[in-house]
Structure formats: C-alpha cells, structure tokens
Amino acid sequence: MNNFKKLTLPLALLTALVSQNAIAMDYNQLHQQLDIMTDIIKSSIKKQSDRKGPQLTRMESNYLASQGVVFTLNVSRSSNYGFDFTMPVMPTVPVAPRAPTAPEGVDSADLFGENYEIVIEAAMEEAAIAMELASEHMRSNSEEQREIREQERELAYELRDIAREERDLKYQEYSLEKEDQAEHKQEKAKLEQKKAKIVKAKAEISKRAEQYQKQVKQAQAEKAKQQQKFYQQLENTVSQVLCNYGGGLKALPDDEYVSMIIKGAGSKEGNRIKDKVLVFNKLDVKNCVLERIDANTLLSKANGYQF
Numbered sequence: 491m492n493n494f495k496k497l498t499l500p501l502a503l504l505t506a507l508v509s510q511n512a513i514a515m516d517y518n519q520l521h522q523q524l525d526i527m528t529d530i531i532k533s534s535i536k537k538q539s540d541r542k543g544p545q546l547t548r549m550e551s552n553y554l555a556s557q558g559v560v561f562t563l564n565v566s567r568s569s570n571y572g573f574d575f576t577m578p579v580m581p582t583v584p585v586a587p588r589a590p591t592a593p594e595g596v597d598s599a600d601l602f603g604e605n606y607e608i609v610i611e612a613a614m615e616e617a618a619i620a621m622e623l624a625s626e627h628m629r630s631n632s633e634e635q636r637e638i639r640e641q642e643r644e645l646a647y648e649l650r651d652i653a654r655e656e657r658d659l660k661y662q663e664y665s666l667e668k669e670d671q672a673e674h675k676q677e678k679a680k681l682e683q684k685k686a687k688i689v690k691a692k693a694e695i696s697k698r699a700e701q702y703q704k705q706v707k708q709a710q711a712e713k714a715k716q717q718q719k720f721y722q723q724l725e726n727t728v729s730q731v732l733c734n735y736g737g738g739l740k741a742l743p744d745d746e747y748v749s750m751i752i753k754g755a756g757s758k759e760g761n762r763i764k765d766k767v768l769v770f771n772k773l774d775v776k777n778c779v780l781e782r783i784d785a786n787t788l789l790s791k792a793n794g795y796q797f
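Counting from 491, one number per residue, gives the positions in the sequence shown under our numbering.
Okay, here's the thing in structure tokens:
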C-alpha cells in the first residue's frame, strides 16, 4: 500500500505539472495569434485611412480567461479648433446593431463582396476629406471669432470713453457762462452722434456674431456626421478582417468572445466621450470564416454598446 502511494504521488505531481505547462503553452500560442491579428487589423485600417483624417494611433490586445480576447483601438480625433464638439447621441445599448450601409452610389451587395476593399477605402477617404473641409471651415470661423471679439472690445472701450466725456460735459455745464453754453451744446451733440455710430456698429457686430455661431453649429453637425461615418466604416473593416482572418484565432475556444473597444467612438456625455464596444461570438466569427454567414451578418449579430 505504501509502495502504491509512493508511485501515485509522483505521477499526480507530474500530471499537474504537465497540465500547467499545457495551459501555459496554450496561452503562449494565443498570444502569438493575437499579435498576428493585431498586425492584420492595423494594416487594414492604415491602408483605408486618409492621412488628413483620423488615424489608428495604438492598438492593444488582451485575453480574459473564460471570456475571450479584447482588442482596444485608439483612434486620433482630428482637432476641433477650440470648439465644443459633440458627437450625435446614440443609444446606450442597441437592441440590434444596425447593419452597415453602402456609400452613396454603391450597391449594398458590393459592400462585402469582391470589391470590399475598394468600396471601404473610397468611403473612408470620402469621410476623411469631408471632415478636413469641415475642420478648415471651423478654423476660418475661429479666426473670425477672434476678430469679432477684438472689435467688440474696442467698441466697449470707446463707449466707456464717451460715457466719461458725457460726465465731464455735464459737470462743466453748471460752471459755464451763458455765452459758452452754445458751444458746449455743440460738443455734446457731436458726442451723441459719435455714440450713436458706435452703438450701431456694435449692433452690426452682434449680428455677425450670431451668424458666426450658426455657421459653427453647421460645421460641427457636418463634422459629427462625417466622423460617425468614419467609425461606421471602421466597424465594417474590423468585421471583414474577422471574416477573412478570424480562423487564425485557433487557440480561442468557440464558446468565448472577440471584443473590439474603439476608444472615443461613442457620444459625448459631460466632459467624457464614450467608447464603442463590439462583442462578437467566436462561433459567429468561425461561421463567417467558413462562409456560412457574411461580414454584414457578423456585424449585425455583434452586441454593440457604448460605455
């Protein structure tokens, strides 16, 4: 009996050691697969991004035991030139993620067909150009805003000087002789005319300021629209990459998930811009690789929400 225990104990320890090594090997294998997938996603996004528009600045990958892999994409947001830029309000947790639509003039059947790369690249370039134009418009408006503020400040100084001169004239009026009062009234009339001109100019500047604010809101709305379009195309790219190369995640169990966190792709809440999260079922990714479903369906089946 003692001899049996002596034999079984080393075997149990050896089995535990082998199991731990196997798990470690699986993790190492998965880590390598994540590195390869990260490079593929980076390359795909870089290829389809315009240098003037948002760029993928950093991408990280992690594995959560019994849950799945997580890719985090950090995308640069083009400068807002000092404006309070607000993304369109989107639902916190969509019941069913909206399927991607083809750009204007493109057949939706081509979006995930053989012409996929051409269609997506053209759409992302179009969005980047439109965002750059909106930014240029907002930049020129920013210069106009500075000019308006300077003019308002100058007029305010002039009105203050006029008010001081009015007080001086009123004070002098009590001590003037009758023969000097006529000249005094003329000076006062000239001062009133000058004041009227300044008040009129100030009203015109206020009108310009209102028009400027209207233009800013229009530019912000256009930029928000194009930025949303860019992120939609980014989601399309990620979905297609998973369909084309998701089979490389062999070490990931079929009952786990592939999650994509796109930083800053959500709506603005207070001083914080939410992230967009897409959670794909590994089994759905596998079915897309096997062409049982297409990238369009894969994206629509993903659990998408903002956080």
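For glycine and all other residues, C-beta sits at the position ideal for the given N, C-alpha and C.
Quiz item: Is the distance from the Cβ of Ala-792 to the Cβ of Leu-768 below 8 Å?
Solution: yes
Self-check item: Lys-764 - DSSP class collapsed to helix/strand/coil
Solution: coil
Exercise. Mind the definition here: the region 758–767 touches the region 730–739 only if three or more C-beta pairs lie below 8 Å; say whether that holds.
Key: no
Practice problem: Have a look at Arg-639 and Glu-648 and give me their C-alpha separation to the nearest angstrom. | Solution: 14 Å
Practice problem: On a CA-only basis, which of Glu-682, Tyr-553, Gln-522, Glu-644 is nearest Glu-746? Give me that one, please. | Solution: Cα-wise, what sits closest to Glu-746 is Tyr-553.
Self-check item: Distance, Leu-524 Cα to Gln-545 Cα
Solution: Rounded to the nearest angstrom, the two C-alpha atoms are 21 Å apart.
Practice problem: Could you round the C-beta distance between Thr-535 and Tyr-735 to whole angstroms and report it? I think they count as a contact, below 8 Å. | Solution: Looking at the sequence itself, residue 535 is Ile, so the reference to Thr does not match. Actually they are not in contact, since the Cβ atoms of Ile-535 and Tyr-735 sit about 13 Å apart, beyond 8 Å.
Practice problem: Classify Thr-787 as helix, strand or coil using the three-state DSSP reduction. | Solution: helix
Practice problem: Compute the Euclidean distance between the alpha carbons of Gly-799 and Arg-698, then round it to the nearest angstrom. | Solution: With the chain covering only 491 through 797, there is no way to say anything about residue 799.
Quiz item: Short check: CB of Phe-770 to CB of Leu-742, under 8 Å?
Solution: no
Exercise. Given a cut-off of 8 Å, decide if Ser-551 and Val-565 are closer than it, judged by their beta-carbon atoms.
Key: no
Quiz item: Rounded to a whole number of angstroms, what is the C-alpha to C-alpha distance between Arg-782 and Met-750?
Solution: C-alpha separation (whole angstroms): 22 Å.
Quiz prompt | Run of the beta strand (DSSP E) containing Lys-776, from where it starts to where it stops | solution = Run containing Lys-776: none in the beta strand (DSSP E); it sits in the alpha helix (DSSP H), 772–779.
Quiz prompt | Beta-carbon proximity list for Ser-556, same chain, < 8 Å, skipping 5 on both sides | solution = Glu-746
Quiz prompt | Cutoff 8 Å; reference Asp-516; Cβ partners in own chain excluding five residues on either side | solution = Ala-741
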